[in-house]
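Below: one structure, written as structure tokens.
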Amino acid sequence: MTIPQRLEIFRRKMKESGLQAYLIPSSDPHQSEYVADHWQARKWISGFTGSAGTLAIMENEAGLWTDSRYFLQAEMELKNSSITLFKMTNQFEPQYVDYLVQTLPKGSVVGIDGKVWSRQTFEVLDRKLKNAGLFLHMDMDLISGIWEERPLVSAEKIILHDPKLCGKTAEEKLAEIRKSMTVQKVEYHFIPALDDIAWSYNIRGNDVDYNPVVISFAMIGLEKAWLFIDDQKLDHQHHLYFNENNIEVQPYRNIQTFLNNLPEDKNVLVDPAICSAHLYTFISARIVEGTSIPKMLKAIKNKTEISNIRHVMAKDGAALAHTFFWLENTLGKDDIYEYTVLEKLAFYRSQQELYFGESFGAIIGYKGNGAIIHYAPPKYGSSLIKKDGILLVDSGGQYHDGTTDITRTLTLDAPSENTKKHYTLILKGMISLSKIRFPKGTYGGQLDTLARQFLWENGLNYLHGTGHGVGYFLNVHEPPQGFATIQSERGRTIIEPGMLTSNEPGYYIPDTYGMRIENLIVCNEPDQDGFLSFETLTLYPFDVHLIEQRMLTPTEIKWINEYHDMVYERVSPLLNDEHKDWFREKCCNLAWND
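In this note's numbering, the protein residues as written are 136 to 729.
Set out below in structure tokens:
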């Protein structure tokens, strides 16, 4: 079926259900950012493939709301779909609700599937619609009835994550969680988020593309824990492991009944931002709303994790070196498409020890495609790369001993002065954030401005955040910390020692090029003055041909040269002689300015 045909069938279902509008988000029953194919309803009915966006279907029109990362992509993917793109000026406000309030007559009924909406968002929707004289019906799953050949939920076996790689046993992590539960005076803690569950129980899986998580729910009590998961995903060894850790396994479908039978005189900690509106209504115990405990604990990487990530970065740098060596020596001789580069990156990463998969779909943007911030090159029909212009490469790997995310921008011919200026402005911002010392209690939103300052001085900006938290062999986008506007959770989170965060300022000119430079940085322990700082972990040189050296200070040149020396020292042992010679040139030092 075409997208208009799917919308027509869906509208018939709406009419049968007495609905004037219906909202479809990007999430699943676990409020994941990246979801398994089974729950990609918004993608199926709209054709928009971005990871963030909400679709509103009305009787005679439909609209998709998404943020600046996807504006260009959405314009292309929604063409001829009859769906109107609405560009969100504030991605943290449900602007689609404002549209419904303005366009629907009073008394209209709006439907949602409460299983894929968080309790927190549901309350906002319900309040805004009620105030406008509209009604919200929560348990309206209209998709299941029309989505033929809907993908099944994964049946792959889970993986036990070795404590030698992650630094702590499940028993130790559960003890930390229970300590916090005792402080908060709760007997139970409901955990719906897949990465929180994976971290807490030291399990991983292959149920969601790029994120090594397992479709499941968890409940942690003060003495016992539960895992709700399809039994086909477990073998005898897994059952022994859970028994040893006093974790009772129940079928995935049992979670609703379990929540409905919790003791009414006990307290259960629930994070309304990640608990579905549907399941929230079934909880029989006294609900204490608060932030997921594992979410905060896993944000602080331990010494074993940080040590392993340093090693992973060297492996990842070697994989990039092989890829870019191939690109440089093949370009102009054979046809190379954007998707070809994506495949090469995955191949060379797969040659590294403890590789598991890519951490997200690589963004390979040649010329104007680089300005599409989350551009995903199609397997068939991606752009042919020639020996001119700018190429943006944003990719990452999942290894059993860490997760990577790196962006490098390359010039394929002699760049213009303006191009070099733009690149150098974002490089200066990236360096400024990398080398800052800051007092305890500093928020990510305060540090965000450091990366933007040089662009701002020139009347330029980028509309995405400067950085996001990164998991450890887990989700490449891991809340709560980051560098972003103070309106977001990332911007409002205090940066603490052990937090691993991306540092990725950029600049984009539609139909011309996109530039971004990204390193992962970890927050160090306080120095003798009690101040914090960052250690740069990512290991790959910058394209010196794009640097306008006259714009750099001596301090910035020193930083780049020391960084390039460190990169070569750490990565070159993993390369053969031919690649080493080439890599030494890429890691060259800049001459001092007069």
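Where is the CB? At the ideal position from N, CA and C, for every residue including glycine.
With the rule of 3 Cβ pairs closer than 8 Å, the segment 602-613 counts as touching the segment 428-440.
The three-state reading of DSSP puts T673 in coil, since its state is none of H, G, I, E or B. Note on M701: under 16 other CB atoms within 10 angstroms of its CB, so exposed under the neighbour-count rule. Taking all protein chains shown into account, R572 has fewer than 16 neighbouring C-beta atoms within 10 Å of its C-beta and is therefore exposed.
Secondary structure within the segment 405-485: the beta strand (DSSP E) runs of 3 or more consecutive residues, fully enclosed, are 421-424 (chain order). Positions of the alpha helix (DSSP H) runs, each at least 4 residues long and wholly inside the segment 298-380, are given as 298-301, 305-318, 329-336 and 371-379 in order along the chain. At a cut-off of 3 residues, the continuous stretches assigned as beta strand (DSSP E) that sit fully inside the segment 156-200 are 156-159 and 189-193. When C-beta atoms of the segment 267-281 are compared with those of the segment 140-148, three or more pairs fall below 8 Å, so the two segments count as touching. In this structure, DSSP gives E653 an extended state, which the three-state scheme calls strand. Relative to F608, the option among D330, L213 and S162 whose CA is nearest is D330.
Beta-carbon to beta-carbon, I390 and F363 are separated by about 5 Å, close enough to satisfy the 8 Å threshold. If you look at T636, you'll find it in the beta strand (DSSP E) that goes L635 to N638. When C-alpha distances from P398 are compared across K265, I312 and G356, the shortest belongs to G356. The continuous beta strand (DSSP E) containing S530 extends over residues I525 to S530. Here H599 carries a coil assignment [DSSP, helix/strand/coil].
For L674 against G452, the beta-carbon gap comes to about 4 Å, under 8 Å, which counts as contact. Residue range G641 to I644 is occupied by the beta strand (DSSP E) that includes Y643. Look at D400 here: in three-state DSSP terms it is coil, with no helix or strand label.
Collapsing the DSSP output to three states places F206 in a helix. The DSSP-derived three-state label of L213 is coil.
Around L477, the same chain offers A497, I499 and P512 as residues with beta carbons nearer than 7 Å, after the five sequence neighbours per side are excluded. Bridge pairing for V244: F270 [DSSP]. Shown here, P689 sits in a helix according to DSSP, grouped into three states. Around the beta carbon of Y648, 16 or more other beta carbons sit within 10 angstroms, so the residue counts as buried. No Cβ-Cβ contact shorter than 8 Å links I652 with I525. Our two residues, D470 and A454, have alpha carbons roughly 21 Å apart in a direct line. Beta-bridge pairing by DSSP links T538 to Q533. L199 sits away from K241, with the two beta carbons spaced by 8 Å or more.
With fewer than 16 other CB atoms across the displayed protein chains lying within 10 angstroms of its CB, E283 is exposed. Here the segment 233-240 makes no contact with the segment 201-216; the two share fewer than three CB pairs at distances below 8 Å. Per DSSP, reduced to three states, the secondary structure at E383 is strand.
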